[in-house]
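Enquirer: Protein chains in written order, with full-length UniProt numbering: chain C, 1 to 207; chain G, 1 to 207. Backbone N, C-alpha and C fix where the C-beta goes; we use that ideal spot for every residue, glycine too. What follows is a structure written as structure tokens; I'll ask about it next.
Protein chains: 2
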Amino acid sequence: MTEAPARGRGARSRDAILDTAGELMARHGYAATSISMISAACGLPVSSLYWHFGSKDGIYVAVLERAQTTLLAALPPAEVPGRDLDERLEAFLTEVGDAFQRHQPSVRLLLGLGMVQQDATAAAVAEVRHYRDALMQWARDALSCVFGLRERPEVADELARFTLRMASGTAVARWFDAGAALETGPLRVALRALAAHHGVAVRGAPE
Amino acid sequence: MTEAPARGRGARSRDAILDTAGELMARHGYAATSISMISAACGLPVSSLYWHFGSKDGIYVAVLERAQTTLLAALPPAEVPGRDLDERLEAFLTEVGDAFQRHQPSVRLLLGLGMVQQDATAAAVAEVRHYRDALMQWARDALSCVFGLRERPEVADELARFTLRMASGTAVARWFDAGAALETGPLRVALRALAAHHGVAVRGAPE
DNA sequence: GTCTATATATAGATAGAC
DNA sequence: GTCTATCTATATATAGAC
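Following this line, the structure appears as structure tokens:
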């Protein structure tokens with residue numbers, strides 16, 4: 001969206017800046033991360049940061065943009081494999097749990113916007129909204145595939161919302177208790193029960 | 001913990017400072033809220049803020065402390081009323097949903113610490129940990145009462161964790177979509193299913 | 001594209017009169 | 001306890017040589 005990601009000398013600097021900025025912002029938050037901190041951490045002078053991104057907010061937007069791209073690109077296809085519901089549900093939960101585990105910094109970064117949303121640029125907010133929408137749609141599609149909900153979009157919607165909120169809540173828990181993982185076991189039971197509650201055929205009781 | 005809350009001239013100022021500081025910090029986050037902003041918003045000079053709280057961090061701790069006290073005091077007794085499981089579960093969910101709705105700023109404030117945790121004082125972190133622990137214990141006790149889990153503490157634990165994570169996730173959702181409420185309907189279905197999954201007697205199928 | 005040097009504003013915090 | 005005035009550090013951002 002901003003520029004091609006892989007080129008000569010300047011592009012490497014660009015990436016280095018985004019790497020360290022992302023790491024620092026994920027750890028300290030946007031407001032608490034200063035340009036000088038980023039400069040010191042990545043070795044390039046402040047003026048270079050401004051040459052590349054124009055402003056602190058520009059860096060922020062670029063960081064979010066990249067985190068979003070990375071995270072969305074890593075999502076598996078919404079066509080969850082598996083011949084029956086149980087296999088697909090298992091595959092879905094494994095994928096979600098893994099992605100959640102692998103992309104901790106991105107998740108943190110994107111969640112963190114909440115605390116600065118009021119001050120953030122329209123561009124930054126839009127970036128995160130887009131990310132959120134894309135994630136939601138993916139979850140909806142994947143769950144629709146898992147439970148066969150092509151005719152019941154509102155159910156797919158509820159299940160997706162449920163799943164994402166549980167994931168967000170777990171991310172929050174991780175702020176206090178590093179190492180908190182997405183509990184896919186209870187989530188599986190809950191999703192099955194919710195589907196069944198809406199009259200979706202769920203071969204075999206949850207227990 | 002810091003001083004008596006209701007006295008003459010100075011105490012009113014103290015409260016005014018905490019009110020506006022809490023509001024600003026809940027909206028912008030800790031780092032993005034400056035002493036001068038608070039001073040301007042509440043009318044008292046910066047030196048008064050320092051006289052009362054010593055430092056910006058002191059204000060933060062006091063704000064968290066008060067938010068915690070308020071929130072915990074508002075929690076209903078863990079002895080959830082109701083003659084059968086369904087009545088108690090309903091009462092529990094209503095209470096949680098209401099508290100969640102009523103105390104939005106406190107929740108936001110306490111969640112927000114996550115983003116500054118790395119830099120925050122030990123005192124601030126301890127404050128939030130204590131809050132979190134108290135909330136968790138309350139949920140555990142209440143759910144234990146709802147489902148009759150005195151002999152199954154690990155199940156009560158799982159249900160409480162599940163509930164709190166869902167609540168946290170919903171708080172996050174509210175950052176993007178104001179007006180997002182705790183969906184007690186799906187939560188009820190999920191909790192019943194989880195209890196049943198662990199062999200707890202849950203008279204009547206969830207649907 | 002990267003560097004040194006710097007402009008300008010505001011941050012957190014204090015001094016001391018009242 | 002509250003005020004005005006101020007110290008010092010650091011923030012974002014720019015200028016201009018290389």
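Can the beta-carbon of C:R174 be found closer than 9 Å to that of G:A173?
Expert: Taking the first residue of the first sequence as position 1, residue 174 of chain C is located at position 174. Taking the first residue of the second sequence as position 1, residue 173 of chain G is located at position 173. It is not a contact, given that the beta carbons lie outside the stated cut-off.
Enquirer: Whole angstroms is fine: what's the gap from G:R129's alpha carbon to C:G179's?
Expert: The residue given as residue 129 of chain G occupies position 129 in the second sequence. The residue given as residue 179 of chain C occupies position 179 in the first sequence. Each residue's alpha carbon lies about 16 Å from the other.
Enquirer: How far does the alpha helix (DSSP H) with G:L113 in it reach, from first residue to last?
Expert: As a first step, residue 113 of chain G must be located in the second sequence, where it is residue number 113. Element bounds for G:L113: n/a, residue is neither H nor E.
Enquirer: Give the DSSP-derived three-state secondary structure of G:T70 in the structure shown.
Expert: Along the second sequence, one-based indexing puts residue 70 of chain G at 70. Helix, per DSSP.
Enquirer: Against chain G, does C:Y60 count as a neighbour if the rule is that its beta carbon must be under 9 Å from one of theirs?
Expert: The residue labelled residue 60 of chain C in the question sits at position 60 within the first sequence. No, C:Y60 does not count as interfacial toward chain G.
Enquirer: Buried or exposed: C:S55, going by 16 or more other Cβ atoms within 10 Å of its Cβ?
Expert: Counting from one through the first sequence, the residue named residue 55 of chain C turns up at place 55. Flag for C:S55 reads exposed.
Enquirer: Does any C-beta atom of chain C lie closer than 9 Å to the C-beta of G:W175?
Expert: Locating residue 175 of chain G in the second sequence gives position 175, where the first residue counts as 1. True, the Cβ-Cβ gap to chain C drops below 9 Å.
Enquirer: Under 9 Å between C-beta atoms, does G:G179 make it to chain C?
Expert: Working through the second sequence from its first residue, we reach residue 179 of chain G at position 179. Answer no: the Cβ-Cβ gap between G:G179 and chain C never drops below 9 Å.
Enquirer: Rounded to the nearest angstrom, what separates G:Q101 and G:T170 at their Cα positions?
Expert: Translated into positions along the second sequence, residue 101 of chain G becomes position 101. Translated into positions along the second sequence, residue 170 of chain G becomes position 170. Each residue's alpha carbon lies about 11 Å from the other.
Enquirer: In the DSSP assignment, the alpha helix (DSSP H) including C:V189 goes from what residue to what residue?
Expert: Translated into the one-based positions of the first sequence, residue 189 of chain C becomes position 189. C:V189 -> alpha helix (DSSP H) spans T184 to H197.
Enquirer: Which word fits C:A193, buried or exposed, when buried means at least 16 other C-beta atoms lie within 10 angstroms of its C-beta?
Expert: For the purposes of this step, residue 193 of chain C is taken as residue 193 along the first sequence, with counting starting at 1. Buried, by the Cβ-count rule.
Enquirer: Going along chain G, which residues have a C-beta under 8 Å from C:T94?
Expert: The sequence position of residue 94 of chain C within the first sequence is 94, counting from 1. The contacting residues do not exist; C:T94 stays about 19 Å from chain G at best.
Enquirer: Count the other CB atoms, across all protein chains shown, that sit within 10 Å of the CB of C:P77; report buried if there are 16 or more and exposed otherwise.
Expert: The sequence position of residue 77 of chain C within the first sequence is 77, counting from 1. Looking at its Cβ environment, which holds fewer than 16 other Cβ atoms inside 10 Å, C:P77 is exposed.
Enquirer: Between C:G43 and G:A32, what straight-line distance do the alpha-carbon atoms span, to the nearest angstrom?
Expert: Along the first sequence, one-based indexing puts residue 43 of chain C at 43. Along the second sequence, one-based indexing puts residue 32 of chain G at 32. Going from the Cα of C:G43 to the Cα of G:A32 covers about 26 Å.
Enquirer: By Cβ distance, which residues of its chain are closer than 7 Å to C:T2, with the 5 residues on each side in sequence left out?
Expert: Sequence index remark: in the first sequence, residue 2 of chain C carries index 2 (1-based). For C:T2, the predicted model reports a pLDDT of 46, less than 50, meaning its position is unreliable and no value from the coordinates is stated.
Enquirer: What is the rounded straight-line gap between the Cα of G:A167 and the Cα of G:H103?
Expert: As a working mapping, residue 167 of chain G is identified with position 167 in the second sequence. As a working mapping, residue 103 of chain G is identified with position 103 in the second sequence. Answer to the nearest angstrom: the Cα atoms are 12 Å apart.
Enquirer: Could you tell me how far apart the beta carbons of C:L18 and C:M37 are, in whole angstroms, since I believe they sit closer than 8 Å?
Expert: Sequence index remark: in the first sequence, residue 18 of chain C carries index 18 (1-based). Sequence index remark: in the first sequence, residue 37 of chain C carries index 37 (1-based). The Cβ separation is near 14 Å, so there is no contact.
Enquirer: Using a Cβ cut-off of 9 Å (strictly closer), state whether G:F162 contacts chain C.
Expert: Along the second sequence, read from residue 1 onward, the residue named residue 162 of chain G stands at position 162. So yes, G:F162 belongs to the interface.
Enquirer: Since C:E158 contacts G:P81 with CB under 8 Å, what's their CB separation in whole angstroms?
Expert: If you number the first sequence from 1, residue 158 of chain C lands on position 158. If you number the second sequence from 1, residue 81 of chain G lands on position 81. Not really, about 29 Å apart at Cβ, beyond 8 Å.
Enquirer: Does C:E65 have its Cβ less than 9 Å from a Cβ in chain G?
Expert: The residue you call residue 65 of chain C lines up with position 65 of the first sequence. Not one chain G Cβ lies under 9 Å of C:E65.
Enquirer: Using beta carbons (cut-off 9 Å, strictly below), is C:S106 in contact with chain G?
Expert: Locating residue 106 of chain C in the first sequence gives position 106, where the first residue counts as 1. Closer than 9 Å: no.
Enquirer: Within the same chain, show all residues whose beta-carbon is closer than 6 Å to that of G:F92, passing over the 5 residues directly before and after it, in chain order.
Expert: Taking the first residue of the second sequence as position 1, residue 92 of chain G is located at position 92. Same-chain partners within the cutoff: V80, A142 and V146.
Enquirer: Hey, how far is the Cα of C:R108 from the Cα of G:A67?
Expert: Residue 108 of chain C sits at position 108 when you count from the first residue of the first sequence. Residue 67 of chain G sits at position 67 when you count from the first residue of the second sequence. So the two alpha carbons sit approximately 24 Å from each other.
Enquirer: Helix or strand or just coil, what does DSSP make of G:L44?
Expert: Here residue 44 of chain G refers to the residue found at position 44 when the second sequence is read from its first residue. Coil at G:L44, not helix or strand.
Enquirer: Any residues in the stretch 189-203 of chain C with a beta carbon nearer than 9 Å to a beta carbon of chain G? Which ones, in chain order?
Expert: Listed by position, the residues of the stretch 189-203 of chain C near chain G (Cβ gap below 9 Å) are V189, A190, L191, R192, A193, L194, A196, H197, H198 and G199.
Enquirer: Per DSSP, what kind of secondary structure is C:Y50 in: helix, strand or coil?
Expert: Taking the first residue of the first sequence as position 1, residue 50 of chain C is located at position 50. Correct three-state label for C:Y50: helix.
Enquirer: Excluding the 5 residues flanking G:H198 on each side, which residues of the same chain have their C-beta closer than 6 Å to its C-beta?
Expert: One-based indexing of the second sequence puts residue 198 of chain G at position 198. Here the set comprises V155.
Enquirer: Under three-state DSSP, which class holds G:L135?
Expert: Here residue 135 of chain G refers to the residue found at position 135 of the second sequence. Note: G:L135 maps to helix in three-state DSSP.
Enquirer: Can you tell me where the alpha helix (DSSP H) with C:T94 in it begins and where it stops?
Expert: The sequence position of residue 94 of chain C within the first sequence is 94, counting from 1. Unbroken alpha helix (DSSP H) run through C:T94: L85 to R102.
Enquirer: Where do the N-terminal and C-terminal ends of the alpha helix (DSSP H) with C:A201 fall, by residue?
Expert: Walking along the first sequence from the start, residue 201 of chain C turns up at place 201. Here C:A201 belongs to no alpha helix (DSSP H), and DSSP marks it neither H nor E.
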